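Asker: Protein chains in written order, with this note's numbering: chain A, 168 to 442; chain B, -2 to 210.
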């Protein structure tokens, strides 16, 4: 009986999420001050500023992180910023290469001049510390094995302070590492792109000024996409996400009502003076 | 409908994984094992690339210092030999030491001092008053000694103990609200994974909705 109920719950969820994907409802997006702050900061960076994007994205987090990374990448490119893409997880390499492809095809970016892909480095936080403390020592070759000293963009970077913004897109703790090692030690502005699950923890870093902006989950990505005027993957998902939430909220309330009424009924049925 | 075999493979694998929602079945098992196998293979290749580029190539250039991390890395595999497993402890100790040293320096400043500084704000708005009350009451939930004495053992500080008890009751609600927020964002995150898969199936695979890039 319980298994059947679970299947019904899943089936209804699938239908509820499917319908707005087929026929979008155009539900309004709520305000997102932390995403707005991220947008404003990037928008005000001068053209040709150098930024680092840490794409620590994996297929399991792609749905939430790739749309925001793509939107911010497009914003950087539309403003003429130079972008260094890197990653601290093995799967991130394919997203770094996808972003490079977008830069070259949509914005005519030249590899080595406007965009650069640094290879994956194992070690997580220690690898990021190496990048923050001595970027030139941490990397000597790019993702494709070319010597970085041959690439014009690399000539303008001697230390992390030459970077205008370091942003990360992660299902892990990269945003905390940035606050600890890039902002706290070098005072280089940092921006966090996190999955919705990490948002309650990450938001305090934004409120304390350790992150200049925070994009969390599909909602943050959708807000950013609408800010840059290029609705994409996240905006397309928002109606489905909103209806899915409403359905789950309904299930929680209904579940609680059933729980409390059955508890009361059981108490009433219990014979007086005994268990 | 897509004619790309890669899209078909991805779509069938996605459906295979979701078939678990109906019940455990051999197709799900195949997809699950393929996913794990592919992930591990990718990880192994990336790991080897790192060892090759940062280890062997550097050694070939005459940088003998890289022998230290390489030997430490090999020692980690000694765990598989019951007789020599003690050797792996040196590598683990080194890893723990470096990770601890790197993390602690950052955590104290960014994770503790800055957070405390951020929590101490002038009480000029309703937000900051609520934040102060939530902070103080949530902390008192973890005062396990004060406020734990029974009514019969009440001493001269009974009013203080009562205050702490009252505060920890409020604090429990504050914690529940924050756990609720975390649960809510967990649902958001899970739906955030589910929706793109559906979008892929409807868009890239059967072309029922426009495929956004």
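Note that the Cβ used here is the ideal one computed from N, Cα and C, for glycine as well. None of the values given here were measured: they were computed from a predicted structure.
1) For residue 206(B), decide whether its Cβ has a neighbour in chain A, counting only Cβ atoms nearer than 8 Å.
2) Who pairs with residue 282(A) in a beta bridge, going by DSSP?
3) Assign residue 403(A) to one of two classes, buried (16 or more other C-beta atoms within 10 Å of its C-beta) or exposed (fewer than that).
4) What residue range does the beta strand (DSSP E) around residue 361(A) cover?
5) To the nearest angstrom, report how far apart residue 424(A) and residue 383(A) are at their CA atoms.
6) Report the three-state DSSP secondary structure of residue 82(B) (helix, strand or coil).
7) Is there a Cβ of chain A sitting closer than 8 Å to that of residue 196(B), yes or no?
8) Within the segment 257 to 334 of chain A, note down every full beta strand (DSSP E) run reaching 3 residues or more, in order along the chain.
9) Please state whether DSSP places residue 340(A) in a helix, a strand or coil.
10) Can you tell me which of the three DSSP states residue 395(A) falls into?
11) Secondary structure at residue 173(B), three-state DSSP: helix, strand or coil?
12) What residues from the segment 362 to 394 of chain A come within 7 Å of chain B, judged by C-beta to C-beta, listed N to C?
13) Return helix, strand or coil for residue 188(B), following the three-state DSSP convention.
14) Using only the alpha-carbon positions, how far apart do residue 108(B) and residue 330(A) sit?
15) Are residue 286(A) and residue 313(A) touching if we call contact CB-CB under 8 Å?
16) CA-CA distance, residue 173(A) and residue 174(B)?
17) Measuring straight from C-alpha to C-alpha, what distance separates residue 206(B) and residue 399(A)?
18) Candidates 304(A), 388(A), 177(A) and 184(A): which alpha carbon is nearest residue 336(A)'s?
19) Does any CB atom of chain A fall closer than 8 Å to the CB of residue 190(B)?
20) Who are the near neighbours of residue 165(B) in its chain, counting only those whose CB is closer than 6 Å to its CB and skipping five residues on each side?
21) Could you have a look at residue 220(A) and say whether DSSP puts it in helix, strand or coil?
22) Verify the CB distance criterion: does residue 185(A) have a CB-CB separation below 8 Å to chain B?
23) Count the other C-beta atoms from every protein chain shown that fall within 10 angstroms of the C-beta of residue 442(A), then say buried if there are 16 or more, exposed otherwise.
24) What separation, rounded to the nearest whole angstrom, lies between the Cα atoms of residue 99(B) and residue 293(A)?
25) Compare the C-beta of residue 356(A) with all C-beta atoms of chain B and state if any pair is closer than 8 Å.
26) Hey, is residue 283(A)'s beta-carbon within less than 8 Å of any beta-carbon in chain B?
27) For residue 382(A), name the three-state secondary structure that DSSP assigns.
28) Within 10 angstroms of the Cβ of residue 57(B), are there 16 or more other Cβ atoms? Answer buried if so, exposed if not.
29) I want to verify the contact list: residues of chain B whose CB lies under 8 Å from the CB of residue 336(A), in sequence order.
30) Go ahead and pull the three-state DSSP assignment for residue 196(A).
31) Can you tell me whether residue 386(A) is buried or exposed, with buried defined as 16 or more other CB within 10 angstroms of its CB?
32) Using 8 Å as the limit for Cβ to Cβ distance, is residue 27(B) near chain A?
33) Tell me the DSSP secondary structure of residue 122(B) in three-state form.
34) Rounded to the nearest angstrom, how far is the Cβ of residue 232(A) from that of residue 359(A), given a contact under 8 Å?
35) Can you have a look at residue 365(A) and say buried or exposed, based on whether 16 or more other CB atoms are within 10 angstroms of its CB?
36) Determine, using beta carbons only, whether residue 293(A) comes closer than 8 Å to chain B.
Answerer: In short, the structure shows the following:
1) Closer than 8 Å: yes.
2) According to DSSP, which records beta bridges pairwise, residue 282(A) is partnered with 250(A) and 278(A).
3) Burial call: buried.
4) Taken as a continuous stretch (DSSP letters only), the beta strand (DSSP E) holding residue 361(A) covers 357 to 361.
5) Their backbone Cα atoms lie some 32 Å apart in a straight line.
6) Residue 82(B) carries a helical assignment under DSSP once its states are collapsed to helix, strand and coil.
7) Yes, contact with chain A.
8) Restricted to the segment 257 to 334 of chain A, the beta strand (DSSP E) segments that are unbroken, complete and at least 3 residues in length are 282 to 284, listed in chain order.
9) Residue 340(A): coil per DSSP, three-state reduction.
10) In the structure shown, residue 395(A) sits in coil (DSSP, three-state: anything other than H, G, I, E or B).
11) Here residue 173(B) sits in helix by DSSP.
12) Cβ proximity to chain B below 7 Å picks out 362, 363, 364, 366, 367, 371, 374, 375, 377, 384 and 385 from the segment 362 to 394 of chain A.
13) Shown here, residue 188(B) sits in a helix according to DSSP, grouped into three states.
14) Taking the CA atoms as reference points, residue 108(B) sits about 23 Å from residue 330(A).
15) Taking the C-beta atoms as reference points, residue 313(A) is found no nearer than 8 Å to residue 286(A).
16) For residue 173(A) and residue 174(B), the gap between their C-alpha atoms comes out near 27 Å.
17) Between residue 206(B) and residue 399(A), the C-alpha separation is close to 13 Å.
18) Comparing Cα-Cα distances from residue 336(A) to each of 304(A), 388(A), 177(A) and 184(A), the minimum goes to 388(A).
19) True, the Cβ-Cβ gap to chain A drops below 8 Å.
20) For residue 165(B), the CB contacts under 6 Å within the same chain, skipping 5 residues up- and downstream, are 137 and 138 in chain order.
21) Assignment of residue 220(A) by DSSP, reduced to helix, strand and coil, places it in the strand class.
22) Interface residue, yes.
23) Below a pLDDT of 50, predicted positions are generally treated as unreliable, and residue 442(A), at 49, falls in that range; the measurement from the model is reported next regardless. Burial state of residue 442(A) is exposed, judged by a 10 Å Cβ sphere holding fewer than 16 other Cβ atoms.
24) If I take the Cα positions, the gap works out to 7 Å.
25) Residue 356(A) does not count as touching chain B.
26) Taking 8 Å as the threshold, the shortest C-beta distance from residue 283(A) to chain B does not fall below it.
27) The three-state reading of DSSP puts residue 382(A) in strand, counting E and B together.
28) The residue in question, residue 57(B), is exposed, as its Cβ has fewer than 16 Cβ neighbours within 10 Å.
29) Under the 8 Å cutoff, chain B gives no residues; its nearest Cβ is about 13 Å from residue 336(A).
30) In the structure shown, residue 196(A) sits in coil (DSSP, three-state: anything other than H, G, I, E or B).
31) With 16 or more other Cβ atoms inside 10 Å of its own Cβ, residue 386(A) counts as buried.
32) Closer than 8 Å: no.
33) Correct three-state label for residue 122(B): coil.
34) About 11 Å separates the Cβ atoms of residue 232(A) and residue 359(A), ruling out a contact at the 8 Å cut-off.
35) Around the CB of residue 365(A), 16 or more other CB atoms lie within 10 Å, so the residue is classed as buried.
36) Taking Cβ atoms only, chain B reaches closer than 8 Å to residue 293(A), which makes this a yes.
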